[in-house]
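Asker: Add 8 to the 1-based position in the sequence shown for this note's numbering, that's all there is to it.
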Amino acid sequence: MRARILLVISGGIAAYKCLELIRRGRERGLAFRCVTTRAAEQFVTPLALAALSGEKVYRELFSLVDETEIGHIRLSREADLVVVAPATADLLARMANGLADDLASTLLLATDRPVLVAPAMNPRMWEHPATRRNVERLRADGVRFVGPEPGDMACGEEGVGRMAEPATILEAIEGLLAEIRGEARLGGVRVLVTSGPTREPLDPVRFFSNRSSGRQGHAIAAAFARAGARVTLVSGPVCLPDPPGVHTVHVETAREMLDACLAALPVEVAVCAAAVSDWRPAHAAAEKIKKRPGLPPPAIELAENPDILATLSGLSEGRPRLVVGFAAETERVVDNAREKLARKGCDLILANDVSPETGVLGGERNRIVVVERDGRVEPWPELSKEEVARRIVDLVAARLGMGA
Ligand code: C5P
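(1) What are the partner residues of D120, as DSSP defines its beta bridges?
(2) Can you tell me whether K348 is buried or exposed? The criterion is at least 16 other CB atoms within 10 Å of its CB, across all chains shown.
(3) At what residues does the alpha helix (DSSP H) containing E394 begin and finish?
(4) I308: which of D267, A293 and P301 sits nearest, CA to CA?
(5) CA-CA distance, I177 and S217?
(6) Do the segment 185-205 and the segment 232-249 meet, that is, are 3 or more Cβ pairs less than 8 Å apart?
(7) Report all residues from its chain with a CB closer than 6 Å to the CB of R198; omit the five preceding and five following residues, and keep chain order.
(8) Mapping DSSP to helix, strand and coil, what is W287?
(9) CB of F216 to nearest heavy atom of the ligand C5P: below 6 Å?
(10) Taking only heavy atoms of the ligand C5P into account, decide whether any of them is closer than 6 Å to the Cβ of D211.
(11) By Cβ distance below 7 Å, which residues in the same chain neighbour C269 in space, the five residues on each side in sequence not counted?
(12) In the DSSP assignment, what residue or residues form a beta bridge with P205?
(13) Give a yes or no on whether the C-beta atoms belonging to P94 and A23 are separated by under 7 Å.
(14) Can you round the beta-carbon distance between A345 and A335 to whole angstroms, since I take them to be within the 8 Å contact cut?
(15) So does C280 have its beta carbon nearer than 6 Å to some heavy atom of the ligand C5P?
(16) Consult DSSP for D366 and reduce its assignment to one of helix, strand or coil.
(17) Is V284 near the ligand C5P, in the sense that its beta carbon is under 6 Å from a heavy atom of that ligand?
(18) Apply the 10 Å Cβ neighbour rule to N374 and answer buried if 16 or more other Cβ atoms are within range, or exposed otherwise.
(19) Cβ of N142 versus every heavy atom of the ligand C5P: is any distance shorter than 6 Å?
(20) Return the CA-CA distance between M171 and H136, expressed in angstroms with no decimal places.
(21) For P387, count the other beta carbons within 10 Å of its own beta carbon; 16 or more makes it buried, fewer makes it exposed. Which is it?
(22) On a Cα-Cα basis, can you pick out the residue from K299, Y66, K25 and G37 that is closest to F51?
(23) Please determine, among E372, P304, V259 and L330, the residue with the shortest C-alpha to C-alpha distance to L391.
(24) Can you find at least 3 beta carbon pairs, one from the segment 290-305 and one from the segment 180-187, that sit closer than 8 Å?
(25) Please name the residue or residues paired with Y66 in a DSSP beta bridge.
(26) Can G333 be considered in contact with the ligand C5P, in the sense that its beta carbon sits closer than 6 Å to one or more heavy atoms?
(27) With distances taken from CA atoms, which of G225, L356, L403 and A230 is nearest D382?
(28) Please state the DSSP three-state secondary structure of S71.
(29) Going by beta-carbon coordinates alone, are R152 and L124 separated by less than 7 Å?
(30) For a test of the three-state rule: what should DSSP assign to V242, helix, strand or coil?
(31) From A229 to A128, what distance separates their C-alpha atoms?
(32) Let me know the secondary structure DSSP gives L38 once reduced to three states.
(33) May I ask whether a heavy atom of the ligand C5P can be found less than 6 Å away from the beta carbon of N360?
(34) Helix, strand or coil, according to DSSP, for P305 in the structure here?
(35) By DSSP's criteria, V341 is part of a beta bridge. Which residues make up the other side?
(36) Please determine whether the Cβ atom of N130 lies at a distance below 6 Å from any heavy atom of the ligand C5P.
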């Protein structure tokens, strides 16, 4: 039977993406019944929603017609899953506080079904302590989140606040439906993901680091969690929120990252997406290094950092069944990746071209070539980092014999 989604749409510019969510969702066998807030109708018309969903759109709390057709309590419970997309800061606040002053908030208070929300708002609003409090409270109440994601906003600002893409929301819906049915694809599989840069101190205020944003690693951790895996994310310093449903460990240096990874074992799968500094200053000064007028700048001696990917791949005891590495290259991408796979002893390498003109480092998209142990090479088209993450989950699931 078609899974039934009660889709609550609140008023944000991202509301237009709901049309694609419904269209794509129906193609994948989901049935949608839409509820709009008054503000939502400034961005998407009930007519368009009704046409695409093939169902009446519910709008008013006090509608005699609707109440005789289907009471609002029944409406809230006839679905398998309630999805709020986009969820504005205002609706999250009302949900967190149990308000019931319109049809959308009343349904959300009355429902006994799992609730998935896809927030969309200005980055300052998302970062505001009031929103943080509301999100924490909702998480504690068992509400699940997908996104928001970093990127350019319609308001011209940059930061975290963009609604997750329809494909990502659909994946979260499918993951949650599978979980409800007790059949999450990677249910119980333990996954370790490293993400972000490391920071290697030179003195208490200076460090060596790199331009990694952590977007790819965080997207991978989130995608594994949506597939039901038990994920530990070991992250260097990044400007991203911890992904929902993921145990996140924050570290600074490569050596701390290695320790955190070893502490996270045993796992079945390790994905090393962090851009670990290869070297660190051999001696981190205890005090800030001072300028010495008339003397040359200090010489910095470097020491080699541990290679986390090689260490995990080479474990004689407790080696993950599958160790996946990345190879960020600026030239001879496949050749270098093959050489890296052999040298590090991992099972798969996802090679990407990070020459500055590709905009991959810190950017939103990625172009990957999968290089396998047996020499097979599979180039992927240019994809968003979220889509890359989904494909990695598929790849890993297939290798573990747990494909869809
Ligand atoms: O040698 P290179 O840095 O190009 O290798 C990249 C791969 O190795 C990535 O998967 C990265 O996460 C991992 N790596 C690591 N520890 C290091 C260096 C790289 O885990 N010290």
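Note that CB positions come from ideal geometry on N, CA and C, so glycine has one too.
If you're wondering where the values come from, they're calculated on a predicted model, not measured in any experiment.
Answerer: Quick answer:
(1) The residue you call residue 120 lines up with position 112 of the sequence shown. D120 pairs with nothing; no bridge assigned.
(2) Your numbering for residue 348 matches position 340 in the sequence shown. Per the 10 Å Cβ criterion, buried.
(3) Numbered from its first residue, the sequence shown carries residue 394 at position 386. It spans K393 to R407 - the alpha helix (DSSP H) in which E394 sits, taken as one unbroken run.
(4) Within the sequence shown, numbered from 1, the residue matching residue 308 stands at position 300. That would be A293, whose Cα lies nearest to the Cα of I308.
(5) Indexing the sequence shown from 1 puts residue 177 at position 169. Indexing the sequence shown from 1 puts residue 217 at position 209. Straight-line Cα distance between these residues: approximately 33 Å.
(6) yes
(7) Stepping through the sequence shown from its first residue, residue 198 is reached at position 190. R238, V275 and E276, listed in sequence order.
(8) Numbered from its first residue, the sequence shown carries residue 287 at position 279. Reduced to three states, the DSSP call for W287 is strand.
(9) Walking along the sequence shown from the start, residue 216 turns up at place 208. In this structure, F216 has its CB at a distance of at least 6 Å from all heavy atoms of the ligand C5P.
(10) On the sequence shown, position 203 is the one that residue 211 refers to. For the ligand C5P, not one heavy atom lies less than 6 Å from the Cβ of D211.
(11) By one-based count along the sequence shown, residue 269 stands at place 261. Cβ-Cβ distances below 7 Å link C269 to L200, T202, V242, I316 and L320 in the same chain, with the five nearest sequence neighbours on each side left out; the list follows chain order.
(12) Counted from its first residue, the sequence shown places residue 205 at position 197. For P205, which the question treats as bridged, DSSP gives the partners A283.
(13) The residue given as residue 94 occupies position 86 in the sequence shown. The residue given as residue 23 occupies position 15 in the sequence shown. Going by C-beta atoms, P94 is nearer than 7 Å to A23.
(14) As a first step, residue 345 is located in the sequence shown; it is residue number 337 there, counting from the start. As a first step, residue 335 is located in the sequence shown; it is residue number 327 there, counting from the start. Correct: roughly 4 Å between the Cβ atoms.
(15) As a working note, residue 280 is residue 272 in the sequence shown. Yes - the ligand C5P has a heavy atom lying nearer than 6 Å to the Cβ of C280.
(16) As a first step, residue 366 is located in the sequence shown; it is residue number 358 there, counting from the start. Inspection of the sequence shows that residue 366 is occupied by Thr rather than by Asp. In the structure shown, T366 sits in a helix (DSSP, three-state: H, G or I).
(17) Translated into positions along the sequence shown, residue 284 becomes position 276. Answer for V284: yes, Cβ within range of the ligand C5P.
(18) In the sequence shown, the residue the question calls residue 374 occupies position 366. Answer is buried; the Cβ neighbour count reaches 16.
(19) On the sequence shown, residue 142 is found 134 positions in, with the first residue counted as 1. No, Cβ of N142 sits at least 6 Å from all heavy atoms of the ligand C5P.
(20) Against the sequence shown, residue 171 aligns to sequence position 163. Against the sequence shown, residue 136 aligns to sequence position 128. In a straight line, the C-alpha of M171 is about 17 Å away from that of H136.
(21) Position 379 of the sequence shown, counted from the first residue, corresponds to residue 387. Exposed is the call here.
(22) The sequence position of residue 51 within the sequence shown is 43, counting from 1. If we check each option's Cα against that of F51, K25 comes out closest.
(23) What you label residue 391 is simply residue 383 of the sequence shown in a count that begins at 1. Taking only the C-alpha atoms, the option nearest L391 is E372.
(24) no
(25) Counting from one through the sequence shown, the residue named residue 66 turns up at place 58. Paired residue(s): V43.
(26) Working through the sequence shown from its first residue, we reach residue 333 at position 325. Within the cutoff, so yes.
(27) The sequence position of residue 382 within the sequence shown is 374, counting from 1. Looking at the Cα atoms, L356 is the closest of the given residues.
(28) For the purposes of this step, residue 71 is identified with residue 63 of the sequence shown, where counting begins at 1. In this structure, S71 counts as coil in the three-state DSSP scheme.
(29) Locating residue 152 in the sequence shown gives position 144, counting from the first residue. Locating residue 124 in the sequence shown gives position 116, counting from the first residue. It is a contact, given that the beta carbons lie within the stated cut-off.
(30) As a working mapping, residue 242 is identified with position 234 in the sequence shown. Three-state DSSP puts V242 in a strand.
(31) Reading the sequence shown from its first residue, position 221 is the one you call residue 229. Reading the sequence shown from its first residue, position 120 is the one you call residue 128. Using only the alpha carbons, I get a separation of about 21 Å.
(32) Within the sequence shown, residue 38 is the residue found at index 30, counting from 1. L38: strand per DSSP, three-state reduction.
(33) In the sequence shown, the residue the question calls residue 360 occupies position 352. Not under cutoff, so the answer is no.
(34) Within the sequence shown, residue 305 is the residue found at index 297, counting from 1. Coil, per DSSP.
(35) The sequence position of residue 341 within the sequence shown is 333, counting from 1. None, per the DSSP bridge assignment.
(36) Start at 1 with the first residue of the sequence shown, and residue 130 comes out as number 122. Answer for N130: no, Cβ out of range of the ligand C5P.
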